[in-house]
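Chains as they are written, first to last, in our numbering: chain S, 1 to 155; chain X, 1 to 555.
Built from N, CA and C at the ideal position, the CB exists for glycine as well.
Step one of this worksheet: look at the structure below.
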């Protein structure tokens with residue numbers, strides 16, 4: 001859909017996929033954009049695959065990213081690329097842990113936020129908007145380590 | 001890619017306005033479930049009740065977080081009855097459930113529609129087309145027609161908020177229950193909510209008992225005129241629906257008109273941006289005058305709907321010719337791509353998404369040793385609804401049937417009655433703790449009342465929580481929805497009270513071999529046995545201990 005940015009964040013249950021998509025949606029909402037975010041709950045809690053769709057722009061209708069129309073596919077678990085590859089548009093970009101020095105992460109649990117750092121390089125939101133959203137969406141004790149992860153991913 | 005981020009106002013705040021006594025100026029990104037809870041809270045709903053079930057669960061949890069009075073009931077039937085009582089007292093109530101929950105609550109629903117209810121009764125049915133987390137994809141719009149209950153269908157969080165308020169308003173104006181039919185994507189998708197934009201509704205009245213026997217006691221003599229009154233009310237609501245603002249026309253090309261509702265509307269706007277659209281907000285009773293007028297303004301009319309061809313059938317039956325999807329699109333969720341295919345008449349096979357990693361019983365889960373034993377002893381397992389259903393997948397493959405909440409016991413008994421003794425002796429009913437309280441108790445009573453010749457073994461897997469839906473409390477945890485202390489129902493006590501003589505409680509993880517010996521012992525004798533395999537859910541254990549400490553301090 002014209003004027004709408006489509007992002008799919010994929011991984012396994014427990015990897016912070018939903019937290020990551022909440023942060024992206026929060027950034028877009030505070031930029032004054034229409035935002036929709038969708039995923040299927042339920043079985044993912046038991047370690048299954050999960051993918052969360054975030055769409056933003058002037059006006060968004062369907063909450064689900066249509067097949068072949070994702071501008072970005074962010075994978076917390078690289079083996080989830082084949083499962084989700086069909087959603088990516090021909091000019092779409094994959095964001096994955098190999099694109100930054102993930103081994104330097106202080107906590108592996110903040111890999112999701114580090115990937116948002118890498119994603120943020122491709123989007124027009126200012127860095128402060130991301131930092132503010134991370135502070136809003138995460139519990140206070142996790143903010144510092146995640147801001148560090150975000151900076152690492154952003155490079 | 002959007003090139004105009006900075007062209008839009010930097011922060012989303014509307015002019016401050018006053019809605020339903022609550023000052024709201026903000027723009028929120030909330031799920032449809034949260035929006036329903038916000039509306040219930042803002043409208044002064046006196047009690048919210050229900051039974052947890054994906055995708056409905058978060059409504060009551062959010063209502064509780066807001067400060068509303070929210071309760072988990074043992075099952076949906078009891079929940080609807082409690083909500084009905086609240087409405088009869090003149091206060092507002094909301095009752096939430098997943099689609100299959102309405103099957104359990106159907107008995108009170110059908111006759112509640114005959115009653116005159118002074119306080120609003122809103123019944124939320126959260127359907128799961130595509131079965132993201134359900135055993136069937138029944139379309140509960142059929143229930144609205146069958147029970148004669150008006151139905152609203154929101155398509156995003158803004159409408160979930162507004163239609164909940166509307167449902168309350170309609171319920172009190174016509175003194176009838178109103179259904180709010182949600183679907184998985186409307187429940188869980190987060191979309192923008194501006195509460196300030198919602199029209200306000202009258203304030204709730206104070207609860208007060210007023211006797212009205214003919215309107216509330218459904219003996220045949222009173223039920224006959226009550227049914228007539230219901231049909232009169234539905235005719236009036238249909239008339240109201242002709243001009244109500246819950247329905248909306250999007251002007252577009254006269255070449256193509258689309259009639260749609262709920263989440264399908266969102267897919268339609270994206271798949272066919274040029275089309276004229278009639279978006280129906282109230283889909284029972286239908287506004288046939290409005291539909292007929294809309295159809296007359298366009299050359300071709302298409303009905304786009306998820307699930308059963310409910311709208312298409314109703315509109316055709318009213319003598320308005322429409323095109324509808326082919327049968328292949330009855331199955332599964334719709335999305336933008338599928339709506340494009342429907343409109344293009346494309347019935348070629350659809351590309352199937354690659355399967356992801358399936359869910360599995362957690363490493364270290366207490367159910368694992370239980371299912372290892374069931375497999376070792378070559379049991380025929382009559383299963384039930386919960387995490388333990390995952391034992392149907394490899395490596396266990398140790399569940400032989402799974403139908404509905406509580407069915408494990410009845411189905412297990414039927415197998416025992418009919419199978420030759422050598423097979424009957426291997427049948428075990430396996431049910432979780434929350435599911436047991438939901439609909440397992442009557443099964444136990446049946447077992448003691450009509451025991452099979454080979455006896456029977458019921459295995460209750462008590463992990464101390466409603467794990468699959470996200471760790472909700474139930475009557476056996478001794479804690480209410482907000483985790484404060486209350487009476488604790490005993491599974492073993494209920495089993496003994498039903499007349500079962502062999503009742504055992506064991507932690508299956510402490511000594512798996514001892515558990516297996518006990519199971520074998522019970523299988524080997526032609527008697528009735530209940531084994532409560534008690535081990536807190538691994539994921540919930542820490543939180544459960546925190547609640548216990550917290551409650552101990554309060555006492």
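Check, Outcome
"Buried versus exposed call for residue 219/X [16 or more other C-beta atoms within 10 Å across all chains shown]", "exposed"
"Beta-bridge pairing of residue 72/X - partner residues as DSSP gives them", "50/X"
"Min CB distance residue 103/S to chain X below 8 angstroms", "no"
"Residue 191/X, DSSP secondary structure in three states", "strand"
"8 angstroms Cβ cutoff, residue 321/X in contact with chain S", "no"
"Neighbour-count burial assignment, residue 71/X, 16 or more Cβ in a 10 Å radius", "buried"
"Neighbour-count burial assignment, residue 539/X, 16 or more Cβ in a 10 Å radius", "buried"
"Beta-carbon spacing of residue 166/X, residue 246/X below 8 angstroms", "yes"
"C-alpha gap between residue 37/X and residue 418/X, whole angstroms", "48 angstroms"
"CB contact check: residue 163/S to chain X, cutoff 8 angstroms", "Residue coverage of chain S in this structure runs from 1 to 155, which leaves residue 163/S outside it and unanswerable."
"Amino acids of chain X, ordered along the chain, whose beta-carbon sits closer than 9 angstroms to that of residue 39/S", "188 and 189"
"Positions along the segment 413-425 of chain X whose CB lies within less than 8 angstroms of some CB in chain S", "none"
"For residue 281/X and residue 461/X, the rounded distance between their alpha carbons", "43 angstroms"
"Under 7 angstroms by beta carbon: chain S residues contacting residue 353/X", "86"
"Span of the beta strand (DSSP E) around residue 73/S", "70-75"
"Stretch-stretch touch, CB-based, cutoff 8 angstroms, three pairs: the segment 17-26 of chain S with the segment 86-102 of chain S", "no"
"Residue 31/S, buried or exposed, once every other Cβ within 10 Å from all chains shown has been counted against 16", "buried"
"Buried or exposed (CB count within 10 angstroms, at least 16 for buried), residue 98/X", "buried"
"Residue 525/X, buried or exposed, once every other Cβ within 10 Å from all chains shown has been counted against 16", "exposed"
"Inter-residue Cα distance where the pair is residue 103/S and residue 508/X", "40 angstroms"
"Proximal residues of chain X, C-beta to C-beta of residue 25/S below 8 angstroms", "29 and 190"
"Expected contact under 8 angstroms - CB spacing of residue 12/S and residue 47/S to nearest Å", "6 angstroms"
"N- and C-terminal bounds of the alpha helix (DSSP H) containing residue 26/S", "17-30"
"Residues near residue 400/X in its chain [Cβ-Cβ closer than 6 angstroms; skip 5 each side]", "380 and 381"
"is_contact[residue 110/S, chain X] using C-beta, thresh 8 angstroms", "no"
"Identified DSSP bridge partners for residue 284/X", "151/X"
"Within chain X, the residues that residue 29/S reaches when beta carbons sit closer than 8 angstroms", "12, 27, 29 and 192"
"Whole-Å CB distance - residue 277/X paired with residue 303/X, under 8 angstroms assumed", "The Cβ separation is near 11 angstroms, so there is no contact."
"Separation of residue 455/X from residue 547/X, as counted between CA atoms", "39 angstroms"
"Among 481/X, 441/X and 482/X, nearest to residue 494/X - alpha-carbon criterion", "441/X"
"Separation of residue 144/S from residue 108/S, as counted between CA atoms", "14 angstroms"
"N- and C-terminal bounds of the beta strand (DSSP E) containing residue 179/X", "178-183"
"Under 7 angstroms from the C-beta of residue 181/X: neighbouring residues of chain S", "Within 7 angstroms Cβ-Cβ: nothing; residue 181/X doesn't reach chain S, min ~17 angstroms."
"Backbone secondary structure at residue 463/X - three-state DSSP", "coil"
"Ordered list of beta strand (DSSP E) runs contained in the segment 345-423 of chain X, each at least 3 residues", "380-382"
"Near-chain S residues of the segment 258-274 of chain X (beta-carbon distance less than 9 angstroms), N- to C-terminal order", "263, 265, 266, 267, 268, 269, 270, 271 and 273"
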